[in-house]
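Q:
2 protein chains.
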Amino acid sequence: MISTKGRYGLRVMIDLAQNDDGSYIPLKDIAERQEISKKYLEIIVKQMVEGGLIKGLSGKGGGYKLVKKPEKYTVGEILTLLEGTICSVACLADKNYDCPRRKKCETLPMWKEFDGIVHDYLYGKKLSDLL
Amino acid sequence: MISTKGRYGLRVMIDLAQNDDGSYIPLKDIAERQEISKKYLEIIVKQMVEGGLIKGLSGKGGGYKLVKKPEKYTVGEILTLLEGTICSVACLADKNYDCPRRKKCETLPMWKEFDGIVHDYLYGKKLSDLL
DNA sequence: AATAAACCTATTGACATAGTAGGAAATAGG
DNA sequence: CCTATTTCCTACTATGTCAATAGGTTTATT
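Residue numbers (this note's numbering), protein chains in the order written: chain A, 4 to 134; chain B, 4 to 134.
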């Protein structure tokens with residue numbers, strides 16, 4: 004299940020794209036438009052800056068803006084950054100985890116296929132598709 | 004993310020299908036074969052009995068068995084019973100929840116489409132496909 | 001009667017989620 | 001330089017879910 008972090012973060016990205024006029028957009032405005040607690044958004048937005056998704060500018064006239072054009076972002080990359088993983092099953096989430104039942108597990112192939120479908124959808128969807 | 008409940012439950016169903024000889028299969032055997040704590044499986048299996056997925060028989064010679072043929076079960080119905088919902092997004096999980104931003108939400112159509120893809124896959128997959 | 005199984009209630013430790021609180025640092029305009 | 005505005009940073013917290021564990025009661029077979 005995608006948590007509020009991922010969902011709110013995606014909405015911030017859309018808001019930034021829709022209100023982009025070249026200048027920085029203050030979080031206060033985004034929080035009001037999106038009806039989300041500004042304080043909570045701070046945490047989310049911080050992660051997005053650290054992940055290189057957006058950039059921030061402090062001080063008066065500051066705010067946030069996208070670093071790429073909306074068509075260059077995929078929903079998948081945004082959600083992955085905020086959720087840690089968008090993997091549907093624990094045994095696939097950690098790449099380094101070596102399940103002892105890996106070879107005889109009857110469900111693993113299905114989970115892999117399912118995971119592939121989920122990834123294909125989310126990485127195929129662009130931010131610009133949501134505007 | 005599908006939890007152990009759903010994943011273990013699915014493996015119990017597969018185990019029951021694979022070892023079905025008409026008689027009841029004790030949970031002890033399933034737990035050993037699947038390398039899962041029997042005590043934990045009790046909780047999961049109880050839900051599956053209550054949900055009508057399998058039936059149990061107490062006493063010596065007792066155990067559990069499927070109530071339908073493996074091709075009559077879908078992975079989706081098994082996971083939905085154990086996970087409560089397999090919905091990918093909170094705002095769609097509760098059918099009665101009426102989001103105030105429903106009409107203007109830019110992400111809702113995408114989540115609906117995504118949810119549809121997930122459902123189609125999981126309800127299209129049959130227990131017999133995993134044997 | 002003995003045995004083996006399901007069935008039932010309760011508890012627990014660890015972690016994640018969804019925030020809140022309060023302030024420090026940076027930047028622009030006057 | 002001063003003030004207002006904004007990001008940036010650390011910490012805290014309530015609530016709930018997950019993944020079990022524990023110990024006993026009931027039911028059915030041999």
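We put the CB at the ideal spot given by N, CA and C, even for glycine.
Does the distance from the C-beta atom of LEU56(A) to that of GLU45(A) stay below 9 Å?
A: Residue mapping note: residue 56(A) aligns to position 53 of the first sequence, counting from 1. Residue mapping note: residue 45(A) aligns to position 42 of the first sequence, counting from 1. Against a cut-off of 9 Å, the Cβ pair of GLU45(A) and LEU56(A) comes out as no contact.
Q: Between LYS49(A) and the rest of its own chain, which residues show a CB-CB distance below 6 Å, the 5 nearest in sequence each way excluded?
A: Start at 1 with the first residue of the first sequence, and residue 49(A) comes out as number 46. Here the set comprises nothing.
Q: With H, G and I counted as helix, E and B as strand and the rest as coil, what does DSSP make of ILE89(B)?
A: As a working mapping, residue 89(B) is identified with position 86 in the second sequence. Of the three classes helix, strand and coil, the one that applies to ILE89(B) here is coil, per DSSP.
Q: Quick check on TYR11(A): buried or exposed, where buried means 16 or more other Cβ atoms within 10 Å of its Cβ?
A: In the first sequence, counting from the first residue as 1, residue 11(A) sits at position 8. Buried, because 16 or more other Cβ atoms sit within 10 Å of the Cβ of TYR11(A).
Q: Closer than 7 Å by beta-carbon distance: list the chain B residues that pair up with TYR43(A), in chain order.
A: Here residue 43(A) is taken as the residue at index 40 of the first sequence, counted from 1. Under the 7 Å cutoff, chain B gives no residues; its nearest Cβ is about 15 Å from TYR43(A).
Q: Could you tell me which residues DSSP puts in a beta bridge with ILE28(B)?
A: Here residue 28(B) corresponds to residue number 25 of the second sequence, with the count starting at 1. Per DSSP, TYR67(B).
Q: Output needed for LEU134(A): all residues of its chain with C-beta closer than 7 Å, excluding positions within five of it in sequence on either side, in chain order.
A: In the first sequence, residue 134(A) corresponds to position 131, counting from 1. Cβ within range, chain order: ILE17, ALA20, GLN21, PRO73.
Q: With a CB to CB cut of under 8 Å and the five nearest residues on each side skipped, what residues in its chain are close to SER91(B)?
A: Start at 1 with the first residue of the second sequence, and residue 91(B) comes out as number 88. Answer for SER91(B): TRP114, PHE117, ASP118, VAL121, listed in chain order.
Q: Who pairs with THR77(A) in a beta bridge, going by DSSP?
A: Mapped onto the first sequence, residue 77(A) falls at position 74. BP columns for THR77(A) point to LYS129(A).
Q: Please classify VAL78(A) as buried or exposed, where buried requires at least 16 neighbouring CB atoms within 10 angstroms.
A: In the first sequence, the residue the question calls residue 78(A) occupies position 75. Its Cβ being crowded by 16 or more others within 10 Å, VAL78(A) is buried.
Q: Going by CA-CA distance only, name the one from ARG105(B), THR110(B), GLY65(B), ARG14(B) that's closest to SER26(B).
A: Position 23 of the second sequence holds residue 26(B). It is GLY65(B).
Q: How about PRO29(B): is its C-beta nearer than 9 Å to some C-beta of chain A?
A: The count along the second sequence starts at 1 and reaches residue 29(B) at position 26. Answer no: the Cβ-Cβ gap between PRO29(B) and chain A never drops below 9 Å.
Q: Assign LYS98(A) to one of two classes, buried (16 or more other C-beta atoms within 10 Å of its C-beta) or exposed (fewer than that).
A: For this step, residue 98(A) is matched to residue 95 along the first sequence. LYS98(A) is exposed by the Cβ-count criterion.
Q: Please say whether LEU84(A) and MET51(A) have beta carbons closer to each other than 9 Å?
A: On the first sequence, position 48 is the one that residue 51(A) refers to. On the first sequence, position 81 is the one that residue 84(A) refers to. Yes. Within cutoff.
Q: Please list, in chain order, the chain B residues whose beta carbon lies closer than 9 Å to that of ILE17(A).
A: Translated into positions along the first sequence, residue 17(A) becomes position 14. Correct list: GLU109, THR110.
Q: Do you know how far the Cα of LYS129(B) is from the Cα of GLY59(A)?
A: Here residue 59(A) refers to the residue found at position 56 of the first sequence. Here residue 129(B) refers to the residue found at position 126 of the second sequence. GLY59(A) and LYS129(B): Cα-Cα distance of roughly 49 Å.
Q: Smallest Cα separation from CYS108(B): which of LYS8(A), SER6(A), LEU13(A), MET4(A)?
A: Walking along the second sequence from the start, residue 108(B) turns up at place 105. Nearest of LYS8(A), SER6(A), LEU13(A), MET4(A) to CYS108(B), Cα basis: LEU13(A).
Q: How long is the line joining the alpha carbons of ILE47(A) and SER131(B), rounded to whole angstroms?
A: As a working note, residue 47(A) is residue 44 in the first sequence. As a working note, residue 131(B) is residue 128 in the second sequence. Rounded to the nearest angstrom, the two C-alpha atoms are 43 Å apart.
Q: Any beta-carbon of chain B closer than 9 Å to the one on THR77(A)?
A: Locating residue 77(A) in the first sequence gives position 74, counting from the first residue. Closer than 9 Å: no.
Q: Beta-carbon within less than 7 Å of ARG105(B)'s beta-carbon, same chain only, minus the 5 sequence neighbours each way: which residues are those?
A: Locating residue 105(B) in the second sequence gives position 102, counting from the first residue. Taken in chain order, the residues that qualify are LEU111.
Q: Quick one: Cα of ALA34(A) to Cα of TYR76(B), how far?
A: In the first sequence, residue 34(A) corresponds to position 31, counting from 1. In the second sequence, residue 76(B) corresponds to position 73, counting from 1. Looking at the two C-alpha atoms, the distance is approximately 45 Å.
Q: Taking a cut of 7 Å between CB atoms, which residues from the stretch 40-64 of chain B lie near chain A?
A: Result list empty, no residue passes.
Q: Closest to TYR67(A) by CA distance: which of VAL15(A), GLY127(A), TYR124(A), CYS102(A) is it?
A: Walking along the first sequence from the start, residue 67(A) turns up at place 64. Ranking the options by Cα distance to TYR67(A), first place goes to VAL15(A).
Q: Where THR7(A) and PRO103(B) are concerned, what is the direct C-alpha to C-alpha distance, given to the nearest angstrom?
A: Against the first sequence, residue 7(A) aligns to sequence position 4. Against the second sequence, residue 103(B) aligns to sequence position 100. Straight-line Cα distance between these residues: approximately 16 Å.
Q: Have a look at ALA96(B) and ILE5(A) and give me their C-alpha separation to the nearest angstrom.
A: As a first step, residue 96(B) is located in the second sequence; it is residue number 93 there, counting from the start. As a first step, residue 5(A) is located in the first sequence; it is residue number 2 there, counting from the start. Spanning the two alpha carbons is a distance of roughly 11 Å.
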